[in-house]
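Below is one structure, written out as structure tokens, with a few remarks after it.
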Amino acid sequence: MSDKDTAKDTSAAPSAAVENFLKAVYTLQQAGSEPTGPVSTNALSEHLGVTAPSITDMAQRMTAAGMVDYKRYRGVTLTQAGETVALKVLRRHRLIELYLVVELGYELRDVHDEAERLEHAVSDRFIEAIARKLGDPAIDPHGDPIPSADGSITKRALLSLAELPEGLPAEVSRLKADSAEMLQYMLDRGFRLGARVQ
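Per our numbering, residue -7 is the first one in the sequence shown, and the count goes up by one each step.
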């Protein structure tokens, strides 16, 4: 492969803004009641911290690029191509988070923001080296599934603490928090992956 071909491959890579948009659509779809259903532009605006018109503009551009299907007043859904990119970014993000905790001793509350910055800057080769170093892990330090190198992801059926019948013992398998502060609150109260609760 020539330097010219390498440059061409790099320029074809999605921008950080595109990757973040696609990852947000995927994440919000999975959090919804219908995992493949449309995500509203308002939900994306709130999640990404940008204006609704900016989201609409990005959705229209991503529709033209074949990454999403955007219908006005209905929302945004990922196409197969868009989901492939989203899962690749999610893999990078979750492997980086795990590497930061396991190998570099980061506190769990600090890894998300660091991974957000790094996920767009590292190569696929670097990510696969991290995966090998960590033994090709299936879950990240929050308990979320890590997509495999081929883009598949194993979904787990979990109960929230609110859904857990009173008095029934269980094991913490996922830490879901909307902010670093909420995550720290949970950690301060002994919630960690593998902790027993009742």
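Think of the CB as a built atom: it goes at the ideal place given N, C-alpha and C, for glycine as much as any other residue.
> Which of the three DSSP states, helix, strand or coil, is assigned to G41?
Replying inline: coil
>> My assumption, with CB atoms under 8 Å, is that L70 sits in contact with I145. Please give the rounded CB distance.
In response: That pair is no contact at about 13 Å.
> Buried or exposed: which applies to M174, given that a residue is buried once 16 or more other Cβ atoms fall within 10 Å of its Cβ?
Replying inline: exposed
> Given that a residue counts as buried once 16 or more other Cβ atoms are within 10 Å of its Cβ, and exposed if not, what is Y177?
Replying inline: exposed
> Applying the criterion that 16 or more other CB atoms from any shown protein chain within 10 Å of the CB defines a buried residue, is N12 buried or exposed?
Replying inline: buried
>> With H, G and I counted as helix, E and B as strand and the rest as coil, what does DSSP make of L151?
In response: coil
> Hey, quick one: how far does the alpha helix (DSSP H) through V77 stretch, first residue to last?
Replying inline: Q72 to V94
> Of all the alpha helix (DSSP H) runs that stay within the bounds of the region 99 to 182, which reach a length of 4 or more residues?
Replying inline: 100 to 110, 116 to 125 and 172 to 180
> Within 10 angstroms of its Cβ, does K15 collect 16 or more other Cβ (buried), or is it exposed?
Replying inline: buried
> Quick one, which of R83, E95, D170 and A8 has its alpha-carbon nearest K125's?
Replying inline: E95
> Does the beta-carbon distance from A44 to T55 come in below 8 Å?
Replying inline: no
> Is there contact between the region 127 to 140 and the region 74 to 93, where contact requires at least three CB pairs shorter than 8 Å?
Replying inline: yes
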